[in-house]
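Residue numbers (our numbering), protein chains in the order written: chain A, 10 to 124; chain B, 13 to 126.
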């Protein structure tokens, strides 16, 4: 099955710096890669996603890049703010047909942005 | 608010007991997923249901079972509870259109086994 590795497990940056989180996946059939942000005690929420036919996607201060050949994708946050502090999860979705498929999550990265 | 609801929010019980967690997906979503998140752990996929039928299984223990009802709500049953079952249990739903499946998470149920 799919295996998603996420690094680093913790990341500490100063406000205004950039943060980069990297993930690798094992199953070349995976075609959808969402990133979720989870604040303490709250639900994971989708912040950005990328499909396998796209190499890069940007939404304001957040961007995601995908290298299908190397099977890795990264989340880039620029001009970090204290409210960006949270746990970030990458995931890889392997389709299995119209009615099923599996989303495999990475282990998560605890991002702390210091004012 | 994602549109996915879960009840109860908190559950405290003793070892050996059985509990049922409930999830109502977003209107129109046919798929329901269950995840377990232990302290300092990531999201562990347990099981997926699509329109009432089991579709995918993850790391779900034999003591755990789930089902999805005709109205599409789902229940996760946890039995013979152990201390290690204490965790946050999330339900997520998706429309399950071919090729794309953003999952919307509910607020979770925090289970504490004493």
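Heads up, the beta-carbon is just placed ideally off N, CA and C, and yes, glycines get one too.
For residue i, is the classification buried or exposed, using 16 other Cβ atoms within 10 angstroms of its Cβ as the cut-off for buried?
{"i": "residue 59 of chain B", "result": "buried"}
{"i": "residue 79 of chain A", "result": "exposed"}
{"i": "residue 103 of chain A", "result": "buried"}
{"i": "residue 117 of chain B", "result": "buried"}
{"i": "residue 12 of chain B", "result": "Here chain B covers residues 13 to 126 and nothing more, so residue 12 of chain B does not appear."}
{"i": "residue 97 of chain B", "result": "buried"}
{"i": "residue 124 of chain A", "result": "exposed"}
{"i": "residue 19 of chain B", "result": "exposed"}
{"i": "residue 36 of chain B", "result": "buried"}
{"i": "residue 69 of chain A", "result": "exposed"}
{"i": "residue 91 of chain A", "result": "exposed"}
{"i": "residue 110 of chain A", "result": "buried"}
{"i": "residue 63 of chain A", "result": "exposed"}
Contact criterion: CB-CB distance below 8 Å. Does residue i meet it with respect to chain A?
{"i": "residue 68 of chain B", "result": "yes"}
{"i": "residue 80 of chain B", "result": "no"}
{"i": "residue 39 of chain B", "result": "no"}
{"i": "residue 14 of chain B", "result": "yes"}
{"i": "residue 54 of chain B", "result": "yes"}
{"i": "residue 76 of chain B", "result": "no"}
Cβ of residue i versus every heavy atom of the ligand ADP: is any distance shorter than 7 Å?
{"i": "residue 63 of chain B", "result": "The model on display carries no ligand, and the ligand ADP is accordingly not part of it."}
Any beta-carbon of chain B closer than 8 Å to the one on residue i?
{"i": "residue 46 of chain A", "result": "no"}
{"i": "residue 43 of chain A", "result": "yes"}
{"i": "residue 117 of chain A", "result": "yes"}
{"i": "residue 55 of chain A", "result": "yes"}
Can you list, in chain order, the residues of its chain with a C-beta nearer than 6 Å to that of residue i? Leave out the 5 residues immediately preceding and following it.
{"i": "residue 71 of chain B", "result": "56"}
{"i": "residue 15 of chain B", "result": "38"}
{"i": "residue 85 of chain A", "result": "29, 72"}
{"i": "residue 4 of chain A", "result": "As displayed, chain A neither begins before 10 nor continues past 124, which places residue 4 of chain A out of reach and without an answer."}
{"i": "residue 16 of chain A", "result": "31"}
Since residue i and residue j are thought to touch, with beta carbons under 8 Å apart, how far apart are those beta carbons, to the nearest angstrom?
{"i": "residue 54 of chain B", "j": "residue 98 of chain A", "result": "7 Å"}
{"i": "residue 44 of chain A", "j": "residue 73 of chain A", "result": "6 Å"}
{"i": "residue 59 of chain A", "j": "residue 42 of chain A", "result": "5 Å"}
{"i": "residue 12 of chain B", "j": "residue 46 of chain B", "result": "There is no way to answer for residue 12 of chain B, as the model of chain B reaches only from 13 to 126."}
{"i": "residue 122 of chain A", "j": "residue 89 of chain A", "result": "5 Å"}
{"i": "residue 57 of chain A", "j": "residue 66 of chain A", "result": "6 Å"}
{"i": "residue 61 of chain A", "j": "residue 40 of chain A", "result": "4 Å"}
Quick one: residues in its chain with C-beta nearer than 7 Å to the C-beta of residue i, no 5 flanking neighbours on either side, listed in chain order?
{"i": "residue 66 of chain B", "result": "59"}
{"i": "residue 120 of chain A", "result": "20, 28, 93, 94, 95, 97"}
{"i": "residue 94 of chain B", "result": "27, 125"}
{"i": "residue 55 of chain A", "result": "43, 45"}
{"i": "residue 82 of chain B", "result": "64"}
{"i": "residue 91 of chain B", "result": "30, 75"}
Grab me the residues of residue i's own chain with a C-beta within less than 8 Å of its C-beta, minus the 5 sequence neighbours each way, in chain order.
{"i": "residue 23 of chain B", "result": "31, 33, 121, 122, 123, 124"}
{"i": "residue 25 of chain B", "result": "31, 93, 123, 124, 125, 126"}
{"i": "residue 35 of chain A", "result": "11, 12, 13, 80"}
The region 88 to 115 of chain A: positions lying closer than 9 Å to chain B by Cβ:
If the cut-off is 9 Å between Cβ atoms, the region 88 to 115 of chain A has 96, 98, 100, 102, 104, 105, 106, 107, 108, 109, 110, 111, 112, 113, 114, 115 near chain B.
If you measure beta-carbon to beta-carbon, which residues of the region 55 to 73 of chain A are closer than 9 Å to chain B?
Taking 9 Å as the Cβ-Cβ cut-off against chain B, the residues of the region 55 to 73 of chain A that qualify are 55, 58, 60.
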